[in-house]
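Numbered by the working numbering, the letters in the sequence shown go through residues 737 to 1275 in order. C-beta atoms are modelled at their ideal positions from N, C-alpha and C, and glycine is treated no differently. Here the structure is a predicted model, which is why all the values come from computation and not from measurement. Here is the structure we will look at.
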Amino acid sequence: MWMRLTLRNPDKYRPFFKEEMRRRHARQELERTWKRRRSQERAPEDKEGNSSDEEGYIPTEGGHDPIKCDVGYYARRVGLDVEEFQVQTEDGFIIDLWHVYDPREYTKLDEKERTDRGPDLFTGARKPVPTNPEQKPKFPVLLMHGLLQSSGAYCVNDEDSLAFYLCKSGYDVWLGNNRCGFKPKHVLLEYSDPRMWCWNIRQMGVFDLPALTSRILYETGFEKIGLICHSQGTTQALVALAKEQRPELGEKLTVFCALAPAAYAGPLIGKMYFKFMRVITPAMFRMMFGIHSFIPFMMSMHKLLPPRLYGWMGYKVFWFLFNWSDSRWDRGLHDRMFQFAPVYVSAESMRWWLGRECFARNKCILATREEWRAEEREDIEADSKEQNDKKADADMEETGDASPVPEPAIEAHRRKPKGSTAWYNEQAPPFALWVCGKDDLVDGGRLLRRFERGREPHVKVVHQKVIPDFEHLDVIWAMDAPEQVFKELREVLWKTCNVRDQCRVPKGCEDVTAWSPDKSAEDEDEEAEQSSSSENLSS
């Protein structure tokens, strides 16, 4: 406030202020260019010839952004397009699957071909993989969104949107949405039926994710796909792949890429308003929030409020609840970013996150509080012992006196062999993880330690990265996300692809070598760094 009163611009201290200004001016210039073209009467072929970008993509929408809750509209602004498929889950929900495509080389399917195919998964003959002697098919990738969002969150940053970035890089991009979303549908149940809302993260993982995967395999003809998830999307994938849930899904994935993985809770769960949710009884929770949709008033406001006001309010609410900053985002796109949130979710799913006997208490999705605390104490003692072994006897005795008396739960856990408490079996796909260093909502570092300490012997980590200055949403919305995350995602998807000889090589992946199960994540990262440095030298 003081800086504004003294006629100074506080935004100048934002880390990407110059880039933000450059993008704003570029958008304004594009708006003026589009307006001039629309006002001039030109032949269609002349218009097309002058409106394409450097790579030949032809935008079919443009001008001033009216702020729409429409993924297809924003795809057309960058020369792509979107078609919507209906997918039926095994428990009867109809969910939306969006296919991002390049209209220059793909023709949108008829509406009848995009309706649901029934509840049977991974059965029947798949469509043949498209064969074109001039160009190989693109490898399919599924993107899953976070809590209270839709996969439209991957489409709000123009060219730097993850969905559009991967599509233009040479991948076949599919955007998955969970049950209910913007349009709650079920083959038997009505909106007012409590059974329509009797589900949580487990059902989203065990039913929704396999249904989406099965439909993509059918439409593309491939045997496996790549999976990218953010936040809650990683939770449902981690749950689905667990050996007690639906581990066979792992055999349909070439890699699971987790952005801001939500397996362990961060310190934000201790906030007063989250504590209140944890204190009240399940009966009180249901009395306050009902047994249907969670605060449906939010969706009513989405329909009634002007888009820009709704986007501004959405940011303020998320900022208050999750303490996120927008220091790395393009503020010119704020209103657009929050048009695709919130969506319909069940009160039961929010109780799974916040209830007194659920995630908020255990602070882990697949282990009790006692189990992960025992593992953490075991790690601390192992690290302490390793340090003490290097000290003099006097130092070792001093440290031993100060150590806490082992608890029965710790002792019982210590007697178990490493890997006996593993969440995953040999069907698990390779994992790749991007952890945000300033993420207070989830603790991705603890998940990394679980893999590093050998507690998941069947999980192969092909890539791992901690980005120190990133917050929870920065992995998809930060202005430097393409460099910090998207480029590496593109390479990881390609090096784990099981049919590289049959697919089009993505842009920027010409020198990416195939992944070998015998290589460690450190070896893979070292090779990636060498490849990157050689590219820089050649350029």
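The C-beta of Asp-1237 has fewer than 16 other C-beta atoms within 10 Å across all chains shown, which makes the residue exposed.
Straight across, the Cα-Cα distance linking Gly-1026 with Arg-1087 is about 11 Å. By the C-beta density criterion, His-761 is exposed, having fewer than 16 other C-beta atoms within 10 angstroms.
Restricted to the segment 756 to 832, the alpha helix (DSSP H) segments that are unbroken, complete and at least 4 residues in length are 780 to 787 and 807 to 812, listed in chain order. Per DSSP, reduced to three states, the secondary structure at Gly-986 is helical. If only complete runs of 4 or more residues are kept, the segment 1195 to 1221 shows the alpha helix (DSSP H) at 1210 to 1213, in order along the chain.
Under the three-state reduction of DSSP, Phe-918 is assigned to coil, being neither helix nor strand. Proximity to Asp-1205 across Leu-1225, Met-1215 and Thr-971 peaks at Met-1215, based on C-alpha coordinates. Secondary structure at Gly-1006: helix, using DSSP grouped into helix, strand and coil. Below 8 Å, enough C-beta pairs join the segment 819 to 830 and the segment 943 to 951 to call them touching: three or more. Residue pairing for Tyr-1080: DSSP places it in a beta bridge opposite Gly-917. Residue pairing by DSSP leaves Trp-1060 without any beta bridge partner.
The Cβ-Cβ distance between Phe-1076 and Ala-889 falls below 8 Å. Looking at the DSSP output, Tyr-907 shares a beta bridge with Phe-875. Contact between Ile-964 and Trp-910 is ruled out by a C-beta separation of about 10 Å, above the 8 Å threshold.
Relative to the Cα of Leu-974, the nearest Cα in the group Asp-1119, Lys-804 and Met-880 belongs to Met-880. A straight line joining the alpha-carbon of Tyr-907 with that of Asp-894 spans about 17 Å. Here the alpha carbons of Asn-868 and Tyr-901 stand approximately 23 Å from one another. Judged by pairs of C-beta atoms under 8 Å, the segment 1016 to 1033 does not touch the segment 1207 to 1227, as fewer than three such pairs exist.
Between the alpha carbons of Glu-926 and Cys-1233 lies a distance of about 41 Å.
When DSSP states are grouped into helix, strand and coil, Ala-973 belongs to the helix group. In the DSSP annotation of this structure, the continuous segment of the beta strand (DSSP E) that includes His-966 starts and ends at 961 to 966. Sequence-distant partners of Pro-1078 (beyond 5 residues in either direction) whose C-beta falls short of 6 Å from its own C-beta, in its chain, are Leu-884 and Met-1034.
Beta-bridge partners of Met-880 (DSSP): Gly-912 and Cys-965. Pairing Val-1178 with Ala-998 gives a Cβ-Cβ distance under 8 Å. Its Cα nearest to that of Ser-967, the residue Asp-1175 stands out among Arg-750, Asp-1175 and Glu-1224. For Leu-1040, the number of other beta carbons within 10 angstroms of its own is below 16, and it is reported as exposed. Inter-residue distance for Ile-794 and Glu-1112 is about 53 Å (C-alpha atoms, whole angstroms). DSSP, reduced to helix, strand and coil, places Val-1235 outside both helices and strands of the structure shown, so it counts as coil. CA-to-CA, the gap between Trp-1089 and Gly-828 works out to about 24 Å. If you ignore the 5 residues before and after Val-1015, its C-beta comes within less than 8 Å of the C-beta of Arg-1092, all in its own chain and listed in chain order. Beta bridge pairing from DSSP links Val-1171 with Val-1202. For Leu-845, the number of other beta carbons within 10 angstroms of its own is below 16, and it is reported as exposed. With contacts defined by Cβ atoms closer than 8 Å, Arg-850 and Glu-819 form a contacting pair. For Trp-1048, the secondary structure class from DSSP, reduced to helix, strand or coil, is helix. If you look at Ile-952, you'll find it in the alpha helix (DSSP H) that goes 945 to 956.
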